[in-house]
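Remarks on the structure that follows.
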Amino acid sequence: MAPVSSQPSSPTASAAGTLAPHAVSRLRAERLQRSTRPFLARGGPKGERCEGCRLRPSHCLCALRPIQATTAGICLLMHDIEALKPSNTGWLIADVVAETFAFAWTRTAVDAGLETLLADPQWQPYVVFPQEFVREPGRAVQQLAQPQVHAMGARRPLFILLDATWPEARKMFRKSPYLDRFPVLSLHPEQLSRYQLRRSKRDDHFCTAEVAALCLDLAGDLRAAQTLETYLDIYTHHYLQAKHQLPPDWSSAAHQQLQSLQNAV
Ligand SMILES: [Zn+2]
509 MAPVSSQPSS PTASAAGTLA PHAVSRLRAE RLQRSTRPFL ARGGPKGERC
559 EGCRLRPSHC LCALRPIQAT TAGICLLMHD IEALKPSNTG WLIADVVAET
609 FAFAWTRTAV DAGLETLLAD PQWQPYVVFP QEFVREPGRA VQQLAQPQVH
659 AMGARRPLFI LLDATWPEAR KMFRKSPYLD RFPVLSLHPE QLSRYQLRRS
709 KRDDHFCTAE VAALCLDLAG DLRAAQTLET YLDIYTHHYL QAKHQLPPDW
759 SSAAHQQLQS LQNAV
């Protein structure tokens, strides 16, 4: 997919053409190619969108994309049209975490690239899912194991997130036998409720990017976790301002927080 360089109408829009498409962006392009009809996004900003961040050119965030090197990796298994939704936050994870992998989930086949990734000894995969759905005794964990050392060094955590609506995610969890051999990381209820309180101003649910931030925090990637949370706040602000045809506040508290996180590198 060729990056689109639209007429810059904000101070940041010109960066869109300089960024290579990330894993979720590539998956979106593949999914669009398979579509027989144009995908009509509901509820998001109307009109022209930046290919780099999916926002209007006037609200483009590409120049702020805060790519971070992390110990952990994130593997997104995305349900059918998830990569096409403008509100999908898996995209933001790929904006921040350099080693984000994204695959389309289907019930009947496993992506060869996903199989290769899951077999790579540098990673210790964890499926991130609530423990009440785990049947096998001892499979659900709430902390990461001490890293096992192998010939290449310590294994790095690879968090597998099922990026879908909640009913779809439950189906994906049940019908992905190739995930059965991995531990299930269930986040602490108190962590979740703390987040929900903090996020109560927003009308969306505990989203994929928030789950990823918690996972990064557990893995010790603290700056990446904070960066992802802050970037999610900024994205939400730009998304909603565009939807309501209002300009973004480029000096909001979240923008300043992101800047100070970047300066601290
Ligand atoms: Zn953009």
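Numbering (this note's numbering), first residue to last: 509 to 773. No residue lacks a Cβ here, since even glycine has one placed at the ideal position from N, Cα and C.
- Taking a C-beta distance under 8 Å as the contact criterion, V532 and A732 do not qualify as a contact pair.
- Between G560 and C570 a beta carbon distance of about 4 Å is seen, short of the 8 Å cut, so the two are scored as contacting.
- Under DSSP, no beta-bridge partner is assigned to L730.
- R647 places its beta carbon 8 Å or farther from that of V618.
- In terms of side-chain proximity, the C-beta atom of L563 is found nearer than 7 Å to a non-hydrogen atom of ligand 1.
- By the CB criterion at 8 Å, M586 and F609 fall outside the cutoff.
- A contact is defined here as three or more CB-CB pairs under 8 Å, and the stretch 763 to 771 fails this definition with respect to the stretch 589 to 606.
- Your pair L736 and A720 checks out as a contact, with CB atoms roughly 6 Å apart and the cut at 8 Å.
- Every alpha helix (DSSP H) of 4 residues or more that sits fully in the stretch 541 to 628 is shown, in chain order, as 598 to 604 and 620 to 627.
- For G560, the shortest C-beta to heavy atom distance toward ligand 1 is below 7 Å.
- Rounded to the nearest whole angstrom, the C-alpha separation of L563 and P645 is 45 Å.
- Closer than 7 Å to some heavy atom of ligand 1: that describes the Cβ of L569.
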